[in-house]
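The structure appears right after this line, and notes come after that.
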Amino acid sequence: MPRPLRVAVAQPLTRSHDVAGNAERHAAVVRSAGARVVVFPELSLTGYELAAAPVDPADPRLAPLRAACAATGTLALAGAPVAGPHIGVLAVDGDGVRVAYRKMWLGGAEPQRFRPGRRPALLDVDGWRLGLAVCKDTGVPEHAAATVAAGADAYLAGVLESADDTAVPEERAVGVAAAHGVWVATASFAGSTGGGYPRAAGGSGIWSPAGVAVARAGADVGEVVAATMLRAPQPSTAPPPRSRS
37 MPRPLRVAVA
47 QPLTRSHDVA
57 GNAERHAAVV
67 RSAGARVVVF
77 PELSLTGYEL
87 AAAPVDPADP
97 RLAPLRAACA
107 ATGTLALAGA
117 PVAGPHIGVL
127 AVDGDGVRVA
137 YRKMWLGGAE
147 PQRFRPGRRP
157 ALLDVDGWRL
167 GLAVCKDTGV
177 PEHAAATVAA
187 GADAYLAGVL
197 ESADDTAVPE
207 ERAVGVAAAH
217 GVWVATASFA
227 GSTGGGYPRA
237 AGGSGIWSPA
247 GVAVARAGAD
257 VGEVVAATML
267 RAPQPSTAPP
277 PRSRS
């Protein structure tokens, strides 16, 4: 059985198109979070700027974030536009940076700029299989179902909702947990960003497989919350011992 996994969800200050500065702020979160995995919101490295240039995994502006992950043994899941173009999740750890996932379900004006990803994605971390999602993915039941069917025992998402839709991230997280019995961690943008979001919802959180919130942030920029995910023991499939009588 995998060991407990400490996961944090962050809603850092993000400045539009400022990849270098945003990477520095992401790095500061990683160094202070005390978590094995830190999840950031959708397009967290560029802001929700649909015209932002794709971020290459080898981009030197990501060096501070790579260094922070290497120093702390952390896996950071940061949002960025990536080649395709796609709305992507970059997995950053001591080994470097790679595109871990491409958003499958696009919303609003996104289809005018981006292509949808083709398949769910999972990351293996300390015996856990972490399924990845971005924003609208979380509201499409087929996405969570396919991700869990692929073997996920936790569902990690970076999202963006307006302050008028504050309840949406929690409603979706609870729905996924209830439907599939998995941990759900959602990093939700706070403050202002591009794309017509002068005030984002915040409210990042982590929910148990029973759909119970075990860590919740408020609406303020800069909040980070964390929880330790535990996996319940699986029932034994071994036959009962034979009687010796």
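Take the position in the sequence shown, starting the count at 1, then add 36; the result is the number in this note's numbering.
Backbone N, C-alpha and C fix where the C-beta goes; we use that ideal spot for every residue, glycine too.
Secondary structure note for V91: it is in no alpha helix (DSSP H), with a DSSP letter that is neither H nor E.
Contact check for P77 and G194: beta-carbon distance about 5 Å, within the 8 Å limit, so the pair qualifies. Between W219 and A180, the CB-CB gap reaches or exceeds 8 Å. If only complete runs of 3 or more residues are kept, the region 46-111 shows the beta strand (DSSP E) at 73-75, in order along the chain. Following the DSSP letters along the chain, one finds T222 inside the beta strand (DSSP E) bounded by residues W219 to S224. Proximity to K172 across R165, A209, V184 and W164 peaks at A209, based on C-alpha coordinates. In terms of Cα proximity to L81, the closest of E60, A71, R67 and T202 is E60.
A Cβ-Cβ separation of about 6 Å places L86 in contact with A145 under the 8 Å criterion. 8 Å or more divides the Cβ of P156 from the Cβ of T174. Where R165 is concerned, there is no enclosing alpha helix (DSSP H), although the beta strand (DSSP E) around it starts and stops at W164 to V170. In the DSSP assignment, the residues bridged to V118 are H122.
Counting C-beta atoms within 10 angstroms of its own C-beta, A89 has fewer than 16 neighbours from the protein chains shown and is therefore classed as exposed. Cβ contact annotation for H53 (same chain, cutoff 8 Å, sequence separation greater than five): T82, G83, E85 and A88, in chain order. Restricting attention to D256, A104, G120 and V248, the CA atom closest to the CA of A236 is found in D256. In this structure, P245 sits near G217, with a CB-CB distance shorter than 8 Å.
Look at D173 here: in three-state DSSP terms it is helix.
Following the DSSP letters along the chain, one finds G132 inside the beta strand (DSSP E) bounded by residues G132 to R138. Annotated three-state conformation of D189 is coil, per DSSP.
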